[in-house]
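If you count the sequence shown from 1, position 35 lands on 34 in numbering that gives the first Met the number 0, and the numbers rise without skipping.
Right, one structure below, let's go through it.
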Amino acid sequence: MSSGKKMSKEDGEILANADDATKNHTAEEDALYGDLEDAAAAPASSDTSGVNKRPVLYDQEHVDKLKHQVNQLRAENQVLKRNMGTLYRTAKAELQRKDTDVSRLYSQLDAAGAAATMS
Numbered sequence: 000m001s002s003g004k005k006m007s008k009e010d011g012e013i014l015a016n017a018d019d020a021t022k023n024h025t026a027e028e029d030a031l032y033g034d035l036e037d038a039a040a041a042p043a044s045s046d047t048s049g050v051n052k053r054p055v056l057y058d059q060e061h062v063d064k065l066k067h068q069v070n071q072l073r074a075e076n077q078v079l080k081r082n083m084g085t086l087y088r089t090a091k092a093e094l095q096r097k098d099t100d101v102s103r104l105y106s107q108l109d110a111a112g113a114a115a116t117m118s
């Protein structure tokens, strides 16, 4: 303790217990992670049998089918994007129309309420 106070017996016991806990924790860590040093020291696998393999070749018919499928998917994607945009704009316009109707109805209700209180 660097504050200049003498360490009490209780403080000494707390520090001793903490030191023991640290020692036990280190022993547990060694048990858990001790094999990592062995794994790090092991040389990397030198299996290069997959490196020189020839790439898989597809016949032209298969490639053409895939290209056709890609083109179909792109066209479908464009249609879906256009439909989503149209749906969004329609929903937005519909919400605006509903808000206008609600505001108009509240105005009518207020006018009717004011007329009823005057009579």
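Where a beta carbon is used, it is the ideal one built from N, C-alpha and C, also for glycine.
Residue i versus residue j - alpha carbon distance
i: Arg81; j: Ala115; result: 51 Å
i: Val69; j: Arg103; result: 51 Å
i: Ala111; j: Val101; result: 15 Å
i: Leu65; j: Leu94; result: 43 Å
i: Asp98; j: Gln107; result: 14 Å
i: Gln71; j: Val78; result: 11 Å
i: Met83; j: Ala90; result: 10 Å
i: Arg73; j: Asp109; result: 54 Å
i: Asn184; j: Pro54; result: This structure cannot settle anything about residue 184, because the visible part of the chain is limited to 0 through 118.
i: Leu56; j: Val62; result: 10 Å
i: Ala113; j: Arg88; result: 38 Å
i: Met117; j: Arg96; result: 32 Å
i: Lys52; j: Gln59; result: 21 Å
Residue i, DSSP secondary structure in three states
i: Ser2; result: With a pLDDT of only 47 at Ser2, under the threshold of 50, the placement of this residue in the model should not be trusted; the figure read from the coordinates follows. Coil at Ser2, not helix or strand.
i: Arg88; result: helix
i: Asp58; result: coil
i: Lys66; result: helix
i: Arg53; result: coil
Residue-chain proximity (residue i, chain B), Cβ-Cβ < 8 Å
i: Tyr87; result: Absent here is chain B; the protein component of the structure consists of one chain.
Any non-hydrogen atom of the ligand GDP closer than 7 Å to residue i Cβ
i: Asp109; result: Looking at this structure, you won't find the ligand GDP or any other ligand, since it has none at all.
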